[in-house]
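Letter by letter, the sequence shown follows residues 32 to 369 in the numbering used here.
Glycine included, each C-beta is placed from N, C-alpha and C at the ideal position.
On a predicted model such as this, the values are computed, not experimentally measured, just so you know.
Structure, as structure tokens:
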Amino acid sequence: MFTPVKFSAIPVKRMWGGHVLKSQFHTSIDEPIGEYWVLSGHPSATSMITEGAFAGLSLQELIEAYPQAYLGASPQPRFPLLIKYLEASLHLSVQVHPDDAYAQLHEGDFGKTEAWYVLDAGPEKKICYGHHFSCREDYTNAVKNADVLSHLSYRTIENGDVVYVPSGTLHALLAHTTVIEIQQTSDVTYRVYDWERVDEAGKERMLHVDAAAEVLHYTETTSNSIPVKASNQTHSRMRTRLNCPYFTIDEIVCDPLSNEDDLFTASSKQCITLKRGNIQNPDILICVHGHTELTYSADNGELATLSLSPGELILIPATLDEYELSCTLRTVLLRVYY
């Protein structure tokens, strides 16, 4: 009864968005799309199941009906993670997100810690990350003097990097960058600087400089694109890229030429079996590159299969102890859980 499920992506128009990912997500919208929400339980846009016994249900309806299988021990009453593809043809606003305490008190929402898996680092291969404000007064003076830009810090990125962006971190994706974003389920953003641009009506977007002053971290930010925790697995085909208080990101490389170990078993059919071990919450499986077939044992004892291609995501219930991934070409997957 509790089977892996797939969802339809939700395209979100953004003035900084682009057109490159439209073919991958089969979107015919003319306006630039900046975000594709591939898994969301947020009230503003909730994912819908596309196939199987639960087709037509929303993610929220699924977790309300079967919380043990599809929600597990969640810090939120809704699904706690929101996963997006971001395509930036222009710079995003320089922004910061609050933590849970501030967001719940002032916004009636949760805070937002996030991470980016870099798909395309763009020609400049950098992001805005951090700042040189020594204190709140320093920040306030820079805002008054329209001098925020000179106080921004930048970091280099490469394809395949994981960038950890905890709440309180000033940041911005820059033009021609594409990432997968894993974040807390929240839609609270405080814009500090928006590159002096205007919308189609000729108006500048609202800034939130006072709220940002409340939540910014003014000490030196030490987090960067290096994973905060090294993998405990010695096998090169799976490594933990990020382990933070809100989620863990494992990277799985399915390679037909790889060897077997105690976590994976390889076969001449180019299959590997992933055992979930002590993880009690659902798995989220995202295809970055390549293609895989996910095979699992159904309730009737027969084997069932779901395909997974770039841009697609599968939610795997906590009740499923193991599943098999088969690949005919080199495939990179992200496994996310909380």
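Identify, in the order they occur along the chain, each residue of the same chain with its Cβ nearer than 7 Å to the Cβ of residue i, setting aside the five sequence neighbours on each side.
| i | result |
| --- | --- |
| E155 | L205 |
| E245 | Y133 |
| S298 | Its pLDDT being 49, under 50, S298 is placed unreliably by the model, and the measurement read from it follows with that caveat. Excluding sequence neighbours, S298 sits near nothing in its chain. |
| P276 | none |
| G191 | V149 |
| F85 | V36, L93 |
| L123 | W47, A203, L204 |
With DSSP collapsed to three states, give me the class of residue i.
| i | result |
| --- | --- |
| P74 | coil |
| R167 | helix |
| V367 | strand |
| N172 | helix |
| V36 | strand |
| S105 | coil |
| L52 | helix |
| S184 | strand |
| I213 | strand |
| L356 | strand |
| P98 | helix |
| L90 | helix |
| D241 | helix |
| I41 | strand |
| V246 | helix |
| L305 | strand |
| Y277 | coil |
| T81 | coil |
| W47 | strand |
| E17 | The structure shown does not extend to residue 17, since the chain is modelled only from 32 through 369, so no value can be given for it. |
| G65 | strand |
| T362 | strand |
| T271 | strand |
| V284 | strand |
| T208 | strand |
Give me the residue from the options with the minimum Cα distance to residue i.
| i | options | result |
| --- | --- | --- |
| L247 | Y354, V36, V125 | V125 |
| Y327 | R236, L305, V193 | L305 |
| D218 | V174, L356, P129 | P129 |
| Y170 | V223, L102, T323 | V223 |
| T209 | E231, L356, I64, S59 | I64 |
| S338 | S59, T81, T77, S54 | T81 |
| E333 | S340, C358, Y354 | Y354 |
| V240 | I158, E62, N176 | N176 |
| H50 | E66, V36, T323, K37 | E66 |
| K44 | A119, I94, H202 | A119 |
| T250 | S54, Y221, C166, E231 | C166 |
| D352 | G48, Q55, T323, Q311 | Q311 |
| G83 | H122, H207, A335 | A335 |
| M46 | E235, T323, G308 | E235 |
| E324 | N309, C285, N331 | C285 |
| P111 | P74, H137, L123, E138 | P74 |
Measure the beta-carbon distance from residue i to residue j and round it to whole angstroms, keeping in mind my assumption that it falls under 8 Å.
| i | j | result |
| --- | --- | --- |
| R268 | I283 | 6 Å |
| M79 | S105 | Their Cβ separation, rounded to whole angstroms, is 20 Å, which puts M79 and S105 out of contact at 8 Å. |
| Q91 | K143 | Contact doesn't hold; Cβ gap of about 19 Å is too wide. |
| A242 | Y195 | With a Cβ gap of about 22 Å, A242 and Y195 do not count as contacting. |
| P287 | H320 | With a Cβ gap of about 14 Å, P287 and H320 do not count as contacting. |
| I158 | Y185 | 7 Å |
| T216 | Q107 | 6 Å |
| T77 | V127 | With 8 Å as the limit, T77 and V127 do not qualify as a contact, their Cβ atoms being about 26 Å apart. |
Which same chain residues, not among the five before or five after residue i, have their C-beta less than 6 Å away from its C-beta?
| i | result |
| --- | --- |
| H182 | H162, H163, F164, A173 |
| F33 | A100, P348, T350 |
| V69 | A40, I114, L344 |
| T265 | Model confidence at T265 stands at a pLDDT of 40, short of 50, so the residue's coordinates are unreliable and nothing is read from them. |
| R272 | V193, P258, I280, E282 |
| C302 | E355, S357 |
| L360 | G321 |
Within its chain, find whatever has a CB closer than 8 Å to the CB of residue i; leave out the 5 residues flanking it on each side and keep chain order.
| i | result |
| --- | --- |
| E168 | none |
| D293 | Confidence at D293 is low in this model, with a pLDDT of 47, below 50, so its placement is unreliable and no value can be given for it. |
| P313 | A100, Y101, L102, G103, L346, I347, P348, A349, Y368 |
| R109 | G72, H73, P74, Q91, I94, T216 |
| I60 | P42, K44, K53 |
Can you check whether the C-beta of residue i is within less than 8 Å of a C-beta belonging to chain C?
| i | result |
| --- | --- |
| T208 | Absence of chain C from the displayed structure is noted, only one protein chain being present. |
Subject >> Uninterrupted beta strand (DSSP E) stretches inside the stretch 316 to 353 (no shorter than 3 residues) >> reply: 323 to 328, 334 to 339, 344 to 347
Original post:
Taking the runs of the alpha helix (DSSP H) that are 4 residues or longer, which of them lie wholly in the stretch 120 to 166?
Top reply: 131 to 137
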